[in-house]
Amino acid sequence: MDLGKNLSAARKKKGMSQEEVAEHLGISRQTVSKWETNETLPDVFQANKLAKLYDMSLDKLMEYDVQIEAIEKAIQNTSEETTKKVDWTKMWAQKYPVLATYPEKVDCAYYARELRNLIHTLQKEYDYNELDAMLVLKDILGKTWNKKS
Numbered sequence: 002m003d004l005g006k007n008l009s010a011a012r013k014k015k016g017m018s019q020e021e022v023a024e025h026l027g028i029s030r031q032t033v034s035k036w037e038t039n040e041t042l043p044d045v046f047q048a049n050k051l052a053k054l055y056d057m058s059l060d061k062l063m064e065y066d067v068q069i070e071a072i073e074k075a076i077q078n079t080s081e082e083t084t085k086k087v088d089w090t091k092m093w094a095q096k097y098p099v100l101a102t103y104p105e106k107v108d109c110a111y112y113a114r115e116l117r118n119l120i121h122t123l124q125k126e127y128d129y130n131e132l133d134a135m136l137v138l139k140d141i142l143g144k145t146w147n148k149k150s
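Listed below in structure tokens is the structure:
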């Protein structure tokens with residue numbers, strides 16, 4: 002984590018200069034500069050004021066990443082209609098080539114049956130619709146994988 006870069010990126014995203022931030026907080030521009038270059042750190046009270054000034058939680062400010070925010074916004078702003086037009090497997094296969102080749106090797110019908118059974122069980126036991134049941138399984142799989150990594 003690079004707090005200085007996070008602070009600088011959040012300030013720029015808000016369209017503010019170091020001078021404007023300093024004015025809002027009642028500090029010098031040099032202090033803001035030192036925070037953004039990691040020479041010094043804001044105290045917890047100043048960090049909280051910065052988070053409010055930048056319209057984000059303190060946690061988000063500490064972990065702020067412009068690229069992640071851009072991806073999150075793109076996902077949120079993508080309509081369901083557009084989402085259906087995207088060949089997600091093809092897109093992800095550019096990053097993970099196994100997604101393009103596994104159908105030739107894996108007994109997909111077998112795993113599809115097993116997954117349908119799990120989806121059906123989630124629908125029955127938790128009253129999920131089909132999409133929600135699939136998303137729950139996807140999330141469980143992701144969390145299981147992340148614990149191993």
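Read in order, the letters of the sequence shown correspond to residues 2 to 150 in our numbering.
Built from N, CA and C at the ideal position, the CB exists for glycine as well.
Touch test, the region 23 to 35 against the region 58 to 73, Cβ-Cβ under 8 Å, three pairs minimum: no
Start-to-end residues for the alpha helix (DSSP H) that takes in Gly5: Leu4 to Lys14
Per-residue burial, Ala71 [other beta carbons within 10 Å of its own, 16 or more giving buried]: exposed
The region 37 to 56 / the region 89 to 97 touching (three or more Cβ pairs under 8 Å): no
Whole-angstrom distance between Lys74 and Val107, CA atom to CA atom: 35 Å
Contained alpha helix (DSSP H) runs [length at least 4] in the region 25 to 81, N- to C-terminal order: 30 to 37, 45 to 54, 59 to 63 and 67 to 77
Nearest to Gly16 (by Cα), restricted to the options Ser29, Thr32 and Asp56: Asp56
C-alpha distance - Lys144 paired with Val137, whole-angstrom precision: 11 Å
Distance, Met135 Cα to Asn147 Cα: 18 Å
Straight-line gap, Lys61 to Leu51 (C-alpha atoms, nearest Å): 11 Å
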